[in-house]
Each structure stands twice: as structure tokens, then as C-alpha cells.
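There are 2 protein chains.
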Amino acid sequence: MGVQIVGKDLFMGQRAIQANTEKLRKAGLRPTRQRLALAQLLFARGDRHVTAEGLHEEAVSAGVQVSLATVYNTMHQFTASGLLREVTVDGTRTYFDTNTGDHHHFYCQDDGTLVDIDGDQIEVAGVPVPPHGAKVDRVDVIVRLKRR
Amino acid sequence: MGVQIVGKDLFMGQRAIQANTEKLRKAGLRPTRQRLALAQLLFARGDRHVTAEGLHEEAVSAGVQVSLATVYNTMHQFTASGLLREVTVDGTRTYFDTNTGDHHHFYCQDDGTLVDIDGDQIEVAGVPVPPHGAKVDRVDVIVRLKRR
DNA sequence: ATTTGTGCAAATCGTTTGCATCTGA
DNA sequence: TCAGATGCAAACGATTTGCACAAAT
């Protein structure tokens, strides 16, 4: 007991299933097996930065049966529902961030690593008034790092 | 007089050719016909944000014979030489910015437009010390806009 | 039962590369 | 002359899409 079989995937505890089910429901998404499993991988351990490809590999090696296309779809749905946030730093790959709060990023250009910077730490002053008919959606600060 | 034929392209004045030739030489690049033409398109009128695809179209409709592959190569060479700067905002396309000085950007998410924000205007305070062995290469601020 | 999600494989898009051919110094 | 630049077309990798099938309410 305490472990329920989700399809063929037995890595989620009863608690986790309930928590994620509720999280998905609140976001207006049906708690399917794949979404539950992906949510578990994404949200179980703190803040993460993942690519679709990366999450797919993780899922597969955790024994979750899910296609790469579904991972892409799911991550976009999660993003649209506010469960994830897209981070664009590199052009060649899209990162998804499980931290949807106010924060910024270090981006290590040498190895493609992302590290959060708390929103409280950085202050951006002097943002000009947006052009006519537009309003500020978000301000992203990316601190690009290179090897010393 | 005043207009020299560059291959089949007669849109560059003698002055422009000389100016761009020198600019390329200083950057350590041989002033070929294509590079001269692209430099002219890029640098003739103030600060610009261009995609490779966009610049290629411009070149073609200006009567410049150049392939898309060469435009890509050239823009990367210009970037490596400090004549251009790459701006990553969208993931699906790479923008090149003729403004290589200290500045930031408005990004209009609805139509993909970029607008410069002067470096003096914005101040970023509180950037944490970079992780071990890394140093700050650059700080990018992207103000994402949406329609009001 | 009806709506919504999933998987697969093919299509797409921007970008890069290999290589034979030109061209500027 | 001859390193360096160009063009073309093919290769590429990440992402998206169309559609038949499966699962959730």
C-alpha cells in the first residue's frame, strides 16, 4: 500500500498521485497517466530547468510510457496553465522552468546550465514607458556567464 | 562617378564602398562583394534588428546576388568580429542587432518586433556573485510586451 | 457516449555543413 | 598564386502537426 500502479509505472506514491491530480485539475487539465507521471518528475524535487528532450529521457528511463510529441504538448499545456514557464536563452533549445514565480537567471554559456536568481535580489530600475498600445508583460534578466 | 558597380549591384556610392571596405578591414574580414553589400544594407541606416532570412530577402530585392547560406555565414562572422550582436528572445528565430553598444530591448511578443532601450536608462542592481569559476559576460534585460 | 488526450510518423522550419568552384590580395 | 569566400543542395536538429486509436468524464 502507499504505492499505486499508474499504468505500468509504479514509482508514484498514493500521496503524489493525489497531489498531482489536484494540481492538474486546478489548472483545468485532465489528470491522465502521462500528465501525472510528467508532473511528478517535474515537481517532485524543487525547482528545475528541463528541456522536452531531457524530460522525455527521464520519463522513459523511469519506465513511463510516453512519446516525445506528448511531452512537448504537455509542457506547452503546463505552460499555458501557469504550471511551467518557458525560458529562452539559447535559441537552439527551449527550457522549461518549474519555478513560475518572480525570478531571473544565470545562464552558463559554456555548458548550457541555468541557475535561478531570486526575484528579490535583483532590481531593475528605469524601464521606459512601453510604446503605444503595449504594456509590460514581464521583465527578464539573463546574466550570461563565461568561464573565468 | 559617385556610383561604382559592385558586381551587378549599383546601389552603393563610392563613399559607402570605401567606408565599408575600411570597416571590414578593421574587423579582419576581406571586403568581398557580398560582404560589402550586406554591410551596406545593415549599417547604412541607423540601428537595426534583422534576421538572416530578412536580410537575404532585402539583398535579393536590392539586386544583390548572395545565397542564404552566405548571409548566415557572414552574419556570424560579423558577430564574431564585433560588428553585430546576436539577440535571443524567441527561440524560433535569431535576431542580429547592429547596435553593439550597451543597451537592452523591448520585445513585442505579438508581432516579433524589437526596440532598443538605451543602456543608460536601465539599471540592474543586485546581481549576485556568479557561481565558482564563472564570471559575468553580459547582462541582458528583455522587457516583454503584450498588447494592452 | 462524448470529449479530450495520445502515439506515431511525416512534415516543417530555421540553420548548418560538405564540397566544388570562384575571387580578392 | 592560393588562402579564403561563395553557392548549392543536402543534412540537420528541434519542434509541430495530422490523423487513427485510446482513455477520461
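Residue numbers (my numbering), protein chains in the order written: chain A, 8 to 155; chain B, 8 to 155.
Glycine included, C-beta positions come from ideal geometry on N, C-alpha and C.
As the structure is a prediction and not an experimental result, all values here were calculated from the model.
Check	Outcome
In chain order, what are the residue ranges of uninterrupted alpha helix (DSSP H) at least 4 long that sit wholly in the segment 69-107 of chain B?	75-87
Can you give me, in chain order, the residues of the segment 117-141 of chain A that have a beta carbon less than 7 Å from any beta carbon in chain B?	V122, I124, Q128, I129, E130, V131, A132, G133, V134, P135, P137, P138, G140, A141
What residue from B:D144, B:F103, B:A76, B:Q84 has the CA that sits closest to L31 (chain B)'s CA?	B:Q84
Using beta carbons (cut-off 8 Å, strictly below), is G98 (chain A) in contact with chain B?	yes
Thinking C-beta only, is G35 (chain B) closer than 8 Å to S88 (chain B)?	yes
Buried or exposed: R55 (chain A), going by 16 or more other Cβ atoms within 10 Å of its Cβ?	buried
Out of B:F18, B:R100, B:D118, B:A141, state which residue places its alpha-carbon closest to the alpha-carbon of R40 (chain B).	B:F18
If we call anything under 8 Å between Cβ atoms a contact, is E130 (chain A) one with G70 (chain B)?	no
Considering Cα atoms alone, identify which of B:V136, B:L121, B:F113 is closest to Q128 (chain B).	B:F113
In chain order, what residues of the same chain lie with their CB nearer than 8 Å to the CB of L43 (chain A), ignoring the 5 residues before and after it?	V13, M19, I24, N27, T28, L31
With a CB to CB cut of under 8 Å and the five nearest residues on each side skipped, what residues in its chain are close to R154 (chain B)?	D117
Does the beta carbon of L91 (chain A) come closer than 8 Å to any beta carbon on chain B?	no
Would you kindly work out how many angstroms separate the C-alpha atoms of Q72 (chain B) and G61 (chain B), rounded to a whole number?	15 Å
Around the Cβ of H139 (chain B), are there at least 16 other Cβ atoms within 10 angstroms (buried) or fewer (exposed)?	exposed
Does any residue of chain A have a CB that is nearer than 8 Å to the CB of V150 (chain B)?	yes
Is D104 (chain B) closer than 8 Å to L91 (chain B) when the C-beta atoms are compared?	yes
What is the DSSP secondary structure of G133 (chain A), reduced to helix, strand or coil?	coil
Between D147 (chain B) and chain A, is any beta-carbon pair separated by less than 8 Å?	yes
Is the shortest distance between the beta-carbon of V143 (chain B) and the beta-carbons of chain A less than 8 Å?	yes
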